[in-house]
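If you read the sequence shown in full-length UniProt numbering, its first letter stands for residue 1, the second for the next number, and so on.
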Amino acid sequence: MQNFSNRLGGQDLTTFRDTVGAKRALEDDKETLEAGFANAKRIRAMRMSTALKTKLASVEGAACSMGGSLLSSFVKKNERKSEERRAEEKKRRREEIATREARYLADKAEAAESRHQEKVEREERAHRDCNESRAHAGVGHADQRDQEERVRQGGRKRGEAQKDVVVGPAA
Numbered sequence: 001m002q003n004f005s006n007r008l009g010g011q012d013l014t015t016f017r018d019t020v021g022a023k024r025a026l027e028d029d030k031e032t033l034e035a036g037f038a039n040a041k042r043i044r045a046m047r048m049s050t051a052l053k054t055k056l057a058s059v060e061g062a063a064c065s066m067g068g069s070l071l072s073s074f075v076k077k078n079e080r081k082s083e084e085r086r087a088e089e090k091k092r093r094r095e096e097i098a099t100r101e102a103r104y105l106a107d108k109a110e111a112a113e114s115r116h117q118e119k120v121e122r123e124e125r126a127h128r129d130c131n132e133s134r135a136h137a138g139v140g141h142a143d144q145r146d147q148e149e150r151v152r153q154g155g156r157k158r159g160e161a162q163k164d165v166v167v168g169p170a171a
């Protein structure tokens, strides 16, 4: 018998025989080589579960890091909204203050105008009352005026001429 085979690329058959082992690939698995079927199945399942757990942990880590960035983006968004809300409130307060100030100035000007108008009306009433009292004094109070004039003239009636009284030696 020949030690080589053309079908296997001309390799030495003895080395080929020694390298070909069990039906399953060798995974540096001394436990599964001598173990029974059930035990080998359990060991493979444990390895698969640990591999899945490590993969899940890495995916969760990536999700957490991404979740952290999502959380930070939500926090930034909320901060931005609160800043906008504060700016809007500040603007609204400034507008309210300006409106109140304008209303105050308008009320103040209106009050000053009404005071001025009342003063003008009082002066007109006083002037009118004075004129009316003068007019009434001339019509209804003629006797009183006559008496006042007599007192000033020294007790004489109207129309009487005053006699010059000279006190002292006559010439």
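C-beta: ideal position from N, C-alpha, C; glycine also.
Gly36 (DSSP reduced to helix, strand or coil)
Along the sequence shown, read from residue 1 onward, the residue named residue 36 stands at position 36. Correct three-state label for Gly36: coil.
Taking DSSP as the reference, what is the three-state secondary structure of Gln153?
The residue given as residue 153 occupies position 153 in the sequence shown. Helix, per DSSP.
Where Ala171 sits in the DSSP three-state scheme
Position 171 of the sequence shown, counted from the start, is the residue given in the question as residue 171. Model confidence at Ala171 stands at a pLDDT of 49, short of 50, so the residue's coordinates are unreliable and nothing is read from them.
Roughly how many angstroms lie between the CA atoms of Arg92 and Arg103, to the nearest whole one?
For the purposes of this step, residue 92 is identified with residue 92 of the sequence shown, where counting begins at 1. For the purposes of this step, residue 103 is identified with residue 103 of the sequence shown, where counting begins at 1. Their backbone Cα atoms lie some 16 Å apart in a straight line.
I need the straight-line Cα distance from Arg115 to Arg150, nearest angstrom please.
Locating residue 115 in the sequence shown gives position 115, counting from the first residue. Locating residue 150 in the sequence shown gives position 150, counting from the first residue. So the two alpha carbons sit approximately 45 Å from each other.
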